[in-house]
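Counting in my numbering, the sequence shown runs from 121 upward without gaps. Notes follow once the structure below has been shown.
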Amino acid sequence: MKKRSAVKIFFSVVYALLMREITTRFGSQKLGYLWAILDTASYIIVLGTIKELIHPNAYPGISYPVFLAVSFLGYTMFRNIAIRSMDAFSSNKGLFIYKQVKPFDTIVARFLLEKNDSQLKVKSLLGKNDTNDSLLLGLDGLCRKYKCQRDIDFN
């Protein structure tokens with residue numbers, strides 16, 4: 121039996137922990153991934169709509185829903201990485217009986233999950249897909265409805 125290097129063991133453990141975290145967070149159904157995006161999009165749409173109804177021209181020259189999306193996504197990424205990484209030890213305490221699983225591995229797996237989750241949200245809400253269509257899920261329509269001046273071209 122050939123011994124594996126420490127780096128290969130590390131990557132194998134982090135990959136296994138990442139797959140475990142993904143299944144735990146989003147479930148085995150694909151609807152869990154969609155819910156992660158819809159939850160964030162609904163929060164941004166509701167707050168953007170309320171703000172636009174109360175003060176429609178408070179920030180001239182800035183599309184407030186897009187500003188809210190960018191700032192909210194950045195804030196939640198930082199918050200989720202910080203808060204959920206602290207829970208990595210207690211959530212995976214039972215796995216520490218295996219000599220390959222180290223506490224640092226659990227933090228790395230949580231960090232990768234949160235980073236990729238936030239990246240998915242940013243790309244789906246503010247980015248463009250392969251067909252070059254906007255995926256703003258209502259933010260662009262909200263700007264058009266309230267005639268916001270947009271600094272970012274979504275088309």
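Beta carbons: idealized from backbone N, C-alpha and C, even for Gly.
How many Å lie between residue 147 and residue 214 at the Cα? On the sequence shown, position 27 is the one that residue 147 refers to. On the sequence shown, position 94 is the one that residue 214 refers to. Cα to Cα, the separation comes out at about 20 Å.
Range covered by the alpha helix (DSSP H) that runs through residue 224: Taking the first residue of the sequence shown as 1, we reach residue 224 at position 104. It spans 223 to 246 - the alpha helix (DSSP H) in which residue 224 sits, taken as one unbroken run.
Can you tell which of 156, 122 and 206 has the C-alpha that lies nearest to the C-alpha of residue 193? Looking up residue 193 in the sequence shown gives position 73. Of the listed residues, the one whose Cα sits closest to residue 193 is 156.
At a cut of 8 Å, does the segment 161 to 174 reach the segment 214 to 232 through at least three beta carbon pairs? no
With a Cβ-Cβ cutoff of 7 Å, do residue 151 and residue 229 count as a contact? For the purposes of this step, residue 151 is taken as residue 31 along the sequence shown, with counting starting at 1. For the purposes of this step, residue 229 is taken as residue 109 along the sequence shown, with counting starting at 1. Going by C-beta atoms, residue 151 is not nearer than 7 Å to residue 229.
Taking the alpha-carbon of residue 197 as reference, which of 233, 246 and 123 has the nearest alpha-carbon? Reading the sequence shown from its first residue, position 77 is the one you call residue 197. Looking at the Cα atoms, 233 is the closest of the given residues.
Quick check on residue 143: buried or exposed, where buried means 16 or more other Cβ atoms within 10 Å of its Cβ? Walking along the sequence shown from the start, residue 143 turns up at place 23. When all chains shown are included, residue 143 counts as exposed.
Could you tell me if the beta carbon of residue 213 falls within a distance shorter than 6 Å of some heavy atom in the ligand MN? What this structure holds is no ligand at all, so the ligand MN is not there to describe.
For residue 123, count neighbouring C-beta atoms within 10 Å of its own C-beta (all shown protein chains included) and say buried if the count is 16 or more, exposed if not. Your numbering for residue 123 matches position 3 in the sequence shown. Answer is exposed; the Cβ neighbour count stays below 16.
Is residue 204 helix, strand or coil when you go by DSSP? In the sequence shown, the residue the question calls residue 204 occupies position 84. Helix, per DSSP.
Cβ-based neighbour list, residue 200, same chain, cut-off 6 Å, excluding 5 preceding and 5 following: Here residue 200 refers to the residue found at position 80 of the sequence shown. Within the same chain, residue 200 has close Cβ partners 234.
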